[in-house]
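Here is the structure we will look at.
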């Protein structure tokens, strides 16, 4: 298309043009992917650190049902290499730096749940199984992160080591991060940074003196070589070798100094310290700000925390949490997880027994919820008891045969059906006596509970045998209780 002039093409030409553009874009994408793959392979290859390796990607014969035997290859771990020779070829980095890079590449990888998070959880890529120490993958169920260790399943076809949701673990780690970035914690960290800076200054002084010493010996060897008589070839050759060895030592000392300066962090400037202190004073509001993305929170957690090892305590809802912070500090905590049944709770026996006592005492559901929450009991899947899970708890008690379909009533309290059956009257007649005040009652939830001891029960039996006709008045002594019901009924 020329500027200002449009060229019209037929349908076939437009189709060929679109197809050529698609092929061009696909080729560009493939080339970019190939470059990224080649760069990743270079960083992972030991030759980058000057090492010769044989058996890095061994070939295997595998049987394929459509083509007989095929040769397949896979990358194996360092313990499976057949040959490893260090310092065989010129190196770009040291072997120790290469190993650190491999760990960092492994942490940044998103395979098997490791690496930077692909989701909302700030813990993705940092949770490790307390049983096999493998990284745990993360999934999301209704917005709640669910962590699972699949190493045994992937490698051996066994069951998963550990699985739990992060409903309570994530807020706990979030609070630990906020506490670590409070002004007092930041001041302690800055003091520790000062100590590290002093140690670094001592090490840098040592490397600097090594370089100066190597330069002095190299310069001395050079002057001796220049001052020798050229006709004395043997002495000149020996001095030349010494000069070359001194130059090699000088180069190694300079490389060690440069490597130390690159790998060891430099000291903080006063401006950087002021920025860190001002950020710590208002960090909570920055963390909860709507402009702060989950990716920012994840990156910060990955900077502060190296890994979080989680282990289930005795198969209950309790979890042992060990946080390995950057810098080597380790803190131990405890968190909860959701379980499937009440029987998996650590205090399941105490919970069921207490719920049975309150239920038999006639506590309504609202009061039962309040009493259990106040006494520190927790349900299987939520942070506290509600009307829904209290019904589930009562259903469990009924299935176990601990309680009946209705709360038990201890004598001398009677339910309407029980007392009417005892007196040989209809429940409606007993309700009429209640409205007239001829029988003592109390409320148990939404039900009326009647009170009658032996003396009052004898009075009610006489009242039941009195003719129901209105022509015969009821004697007054039959309508007055023989004993007074106690004020406290539970």
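Residue numbers (the working numbering): 41 to 530.
Ideal placement from N, C-alpha and C gives every residue a C-beta, glycine not left out.
Everything numeric in this text was worked out from a predicted model, so none of it was measured.
For residue i, which residues in the same chain have their Cβ closer than 8 Å to its Cβ, ignoring the five residues on either side in sequence?
i	result
residue 92	86, 123, 124, 125, 128, 129
residue 205	181, 184, 185, 186, 187, 377, 378
residue 247	293, 296, 297, 300
residue 203	186, 187, 188, 189
residue 134	89, 299
residue 160	180, 183, 185, 334
residue 525	480, 482, 491
residue 116	95, 96, 97, 98
residue 468	none
Terminal residues of the continuous alpha helix (DSSP H) containing residue i?
i	result
residue 362	That residue, residue 362, is in no alpha helix (DSSP H); its beta strand (DSSP E) goes 358-365.
residue 96	Premise fails: residue 96 is in no alpha helix (DSSP H) and is neither H nor E.
residue 331	Taken as a continuous stretch (DSSP letters only), residue 331 belongs to no alpha helix (DSSP H), as it is neither H nor E.
Looking at residue i: is its Cβ nearer than 8 Å to the Cβ of residue j?
i	j	result
residue 534	residue 360	Here the chain has residues from 41 to 530 only, and residue 534 is not among them.
residue 365	residue 345	yes
residue 334	residue 162	yes
residue 191	residue 201	yes
residue 527	residue 495	no
residue 452	residue 492	yes
residue 356	residue 374	no
residue 351	residue 170	yes
residue 398	residue 408	yes
residue 461	residue 490	no
residue 395	residue 437	yes
residue 410	residue 427	no
residue 358	residue 386	yes
Leaving out five residues on either side along the sequence, give the residues of the same chain with a beta carbon under 7 Å from the beta carbon of residue i.
i	result
residue 474	481, 488
residue 267	none
residue 141	83
residue 463	500, 501, 504
residue 64	Unreliable placement is indicated for residue 64, whose pLDDT of 49 sits below 50; no coordinate value is reported for it.
residue 280	265
residue 472	none
residue 106	In this prediction, residue 106 scores a pLDDT of 49, lower than 50, which makes its location untrustworthy; the coordinate-derived value is nonetheless stated afterwards. None.
residue 332	326
residue 270	276
With residue i as the anchor, note down where its beta strand (DSSP E) starts and where it stops.
i	result
residue 186	184-188
residue 199	Looking at the DSSP string, residue 199 is not in any beta strand (DSSP E), and its letter there is neither H nor E.
residue 533	In the structure as shown, the chain starts at 41 and stops at 530, and residue 533 therefore has no counterpart that could be examined.
residue 385	Taken as a continuous stretch (DSSP letters only), residue 385 belongs to no beta strand (DSSP E), as it is neither H nor E.
residue 7	Limits of the chain in this structure are 41 at one end and 530 at the other, which puts residue 7 out of reach.
residue 11	Not covered by the structure: residue 11. The range shown for the chain is 41 to 530.
residue 124	123-125
residue 347	345-352
residue 172	Element bounds for residue 172: n/a, residue is neither H nor E.
Since I believe residue j is in contact with residue i (beta carbons under 8 Å), could you give me their beta-carbon distance rounded to a whole number of angstroms?
i	j	result
residue 261	residue 282	5 Å
residue 518	residue 499	6 Å
residue 381	residue 372	Residue 381 to residue 372, Cβ: 28 Å. No contact.
residue 289	residue 257	7 Å
residue 303	residue 137	7 Å
residue 131	residue 89	5 Å
residue 276	residue 265	7 Å
residue 221	residue 369	Not quite, the Cβ-Cβ distance comes to about 14 Å (not below 8 Å), so this is no contact.
residue 341	residue 217	6 Å
Can you list, in chain order, the residues of its chain with a C-beta nearer than 6 Å to that of residue i? Leave out the 5 residues immediately preceding and following it.
i	result
residue 121	93, 95
residue 419	425, 429
residue 172	191, 201
residue 520	none
residue 207	184
residue 417	391
residue 353	360
residue 558	The first residue shown for the chain is 41 and the last is 530, placing residue 558 beyond what the model contains.
residue 286	257, 258, 261
| request: Tell me the start and end of each unbroken alpha helix (DSSP H) in the region 446-503 that is at least 4 residues and wholly inside, in chain order. | output: Segments of the alpha helix (DSSP H) lying fully in the region 446-503: 456-463, 467-476.
| message | List, from N- to C-terminal side, the alpha helix (DSSP H) runs of 4 residues or more that fit wholly inside the region 204-280. | response | Counting only runs of 4 or more, we get 209-220, 223-267.
| query | Of all the alpha helix (DSSP H) runs that stay within the bounds of the region 400-436, which reach a length of 4 or more residues? | reply | Counting whole runs of 4 or more residues, the region 400-436 contains the alpha helix (DSSP H) stretches 405-414.
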